[in-house]
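Taking the numbering used here, I'd label the letters of the sequence shown as residues 84 to 352. Glycine included, every Cβ here is placed at the ideal spot set by N, Cα and C. What follows is a set of notes on a single structure, which appears directly below.
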Amino acid sequence: MSLMRRVDEARKAFRDKDRSGAAAAHSRERIAATALEEHGGAGDQYLGDMVYGGLDGIVTTFAVVSGVAGADLGSHVVLILGLANLFADGFSMATGAYLSTKSEQEYYAREYEREAWEVDHFPDGERAELVEVYRGRGYSADDAGKLVEIQSKDRHRWVKAMMVDELGMLPDERRPLLSGLATLASFLVAGSLPLLVYLVGLAVPIPGEVSFPTSLGLSAVALFGLGAAKVFVTRRNAFRSGLEMLVVGSLAAAVAYLIGALLKGIGGG
């Protein structure tokens with residue numbers, strides 16, 4: 084059994100006020116079994132990048148499709164603007180994910196190096212700082228001192244305690260390049276769905292009055308699906324999360340459609 088599954092069972096037991104279920108989730112055997120497992124696989128680290136990259140891809144691309152449809156500019160314009168937006172924004176999102184992850188890791192590494200240097204050269208001061216941190220959380224002076232004594236027995240553990248307890252920083256173990264690629268791939272795949280019917284129209288003639296409603300339907304399904312998939316990151320209700328994302332995406336598309344229609348009128352179309 085995975086750790087998250089045990090946590091989910093504990094949450095369900097809490098919601099249902101199921102004391103026996105909660106007790107089972109907190110049994111020594113279950114806790115020991117999940118503690119032996121590695122927490123999170125390689126794919127879990129990039130799940131957030133993929134979900135949010137896909138959502139951005141759908142929303143931004145469908146907004147372009149809606150704006151062009153509102154201006155009644157034709158399928159060829161939808162494809163030109165849609166594909167240009169898809170690849171340009173996808174590359175921008177991927178670059179942002181790469182640089183963000185890389186910058187956070189570099190900042191963490193600098194702070195870790197500083198804390199390690201201070202532990203080596205000013206150990207008494209670092210112990211005093213950690214004591215004050217624990218006392219600020221409600222520990223007595225005696226208990227705080229014991230905690231610091233335990234933490235400071237191992238240098239690496241001591242520095243990590245300073246990073247987490249004093250600075251509130253946790254290491255980001257993702258690879259920046261893979262984070263950027265995961266964002267790019269999900270952006271392109273999900274963002275291409277609103278354009279799918281127009282791409283098919285290049286080979287098979289599709290009436291203009293059918294293209295936009297079809298694109299609307301595909302985008303709505305994808306928005307709801309990816310919104311529901313956010314529960315793997317946020318642990319919220321799947322239906323509520325999917326509906327929320329559908330509403331947000333629909334509002335963005337509606338605004339784009341209205342602006343396109345307004346510009347069409349101004350242009351005398």
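Exercise. Tell me whether the beta-carbon of G274 lies closer than 7 Å to the beta-carbon of L164.
Key: no
Quiz item: Skipping 5 residues on each side, what residues in its chain have a beta carbon closer than 6 Å to that of H239?
Solution: none
Quiz item: Whose C-beta lies closer than 6 Å to the C-beta of A311 among residues of the same chain, with five residues either side of it excluded?
Solution: A321, S324, G325
Quiz prompt | P206 to L230 span [Cα, whole Å] | solution = So the alpha carbons of these two residues sit roughly 15 Å apart.
Quiz item: Is it true that the segment 198 to 205 meets the segment 276 to 290, where meeting means three or more beta-carbon pairs spaced less than 8 Å apart?
Solution: No, the segment 198 to 205 does not touch the segment 276 to 290.
Quiz item: In three-state terms, what does DSSP make of H122?
Solution: Any reading at H122 needs caution, since the residue's pLDDT is 48, under 50, leaving its predicted position unreliable; the model's value is listed next. In this structure, H122 counts as coil in the three-state DSSP scheme.
Quiz item: Should Y190 go down as buried or exposed, given a rule of 16 or more other Cβ atoms within 10 Å for buried?
Solution: exposed
Quiz item: Can you give the Cα-Cα distance for G351 and A286, rounded to whole angstroms?
Solution: Any answer about G351 is weak, because its pLDDT of 47 lies below 50 and its placement is not dependable; what the coordinates show is given next. Roughly 31 Å between the two C-alpha positions.
Quiz item: For K313, which three-state DSSP category applies?
Solution: coil
Exercise. Determine the direct distance from the alpha carbon of L299 to that of F145, and round the result to whole angstroms.
Key: 8 Å
Exercise. Specify, as a first and last residue, the run of the alpha helix (DSSP H) that A154 falls within.
Key: Residues 130 to 154.
Quiz prompt | Contacts around L278, its chain only, beta-carbon distance under 6 Å, and the 5 residues preceding and following it disregarded | solution = G165
Quiz item: Ends of the alpha helix (DSSP H) at P277?
Solution: Premise fails: P277 is in no alpha helix (DSSP H) and is neither H nor E.
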